[in-house]
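If you're matching positions, the sequence shown starts at 996 in my numbering and goes up one per residue.
Just so it is clear, CB atoms sit at the ideal spot from N, CA and C, and this is done for glycine as well.
Below: the structure, in structure tokens.
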Amino acid sequence: MDSELRATLTFLSGDHADEVIKLRRDATIIGREKGDVTINDSEISATHCQIQEIGGVYHIFDMNSTNGTFVNNERVVKAKLKENDLITIGNTSFRINLKEEQGIRHISTVFKSMKGDKSKSSSLIETLIESELSNTHIHGIRIEATYGNGQKDVIELQQRMVYIGRASSFGHFDKDTEISRKHLLIKLSNTGEVFIEDQGSTNGSLLNGKKIKGMHQVHPNDIVQVGDTKLRISAKVS
């Protein structure tokens, strides 16, 4: 992203619909009660997300919000932003655009200053930013499977989205009668986070022993169970 470009947000819904603001070059925090941009939306957390420019590229970071941060309808913890991406938090949506700096000087900047009030999520954001600045290369999804009969398997896939089920072309999930044909979705974000979602399976999917609904982030030490099969799922990196 060219350093001459500056990011703007155009609000598509909510109290600020059709308003355009330009973002800070360092970091812009968005929230319901505390932030550089405050939005009157009960579904938005007090401090909800942060947008920051890193190395000429704008990134968005969720700040442990209750209802999540979505980019192009996909829930993210952190993600790189590009021209015309749709960002949704709570019931409010806005679109990010990149404009020549000299052409947006008349556009209002952020609504409200944080006045030095640092969110308790700041350490999380700092960790995420540090991770983003690292030279990690993401190559796909790694699955360590332990089947009901004790057999173990390591599956490495050069994909960012796969389905686990008896219809899978990899592994031995077809041997587990408790697994549905299309049981579990695994998605890898562009920054390496792993998310899972049950696909309406007959017997459900468990994350650390609890049945899940909706999209959930998975960490390398988490245990995901489908049928009698237990999985450890992580990004394949170098």
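- In terms of Cβ geometry, Q1045 and T1023 form a close pair [threshold 8 Å].
- Contact annotation: D1148 and G1166 have beta-carbon atoms nearer than 8 Å.
- Residue environment for M1058: buried (at least 16 other C-beta atoms within 10 angstroms of its C-beta).
- Contact between the region 1148 to 1158 and the region 1038 to 1052 is absent, with fewer than three C-beta pairs closer than 8 Å.
- Taken through DSSP and simplified to helix, strand or coil, K1208 comes out as coil.
- Taking 8 Å as the upper bound for CB-CB distance, I1228 and V1219 are in contact here, some 6 Å apart.
- When C-alpha distances from K1208 are compared across T1033, R1161, K1225, F1190, the shortest belongs to F1190.
- The DSSP assignment places 1044 to 1049, 1052 to 1057, 1064 to 1066, 1069 to 1071, 1073 to 1075, 1081 to 1084 as complete runs of the beta strand (DSSP E) inside the region 1029 to 1090, in order along the chain (cut-off: 3 residues).
- The closest CA to that of E1048, considering only G1195, E1151, T1197, A1074, is found on A1074.
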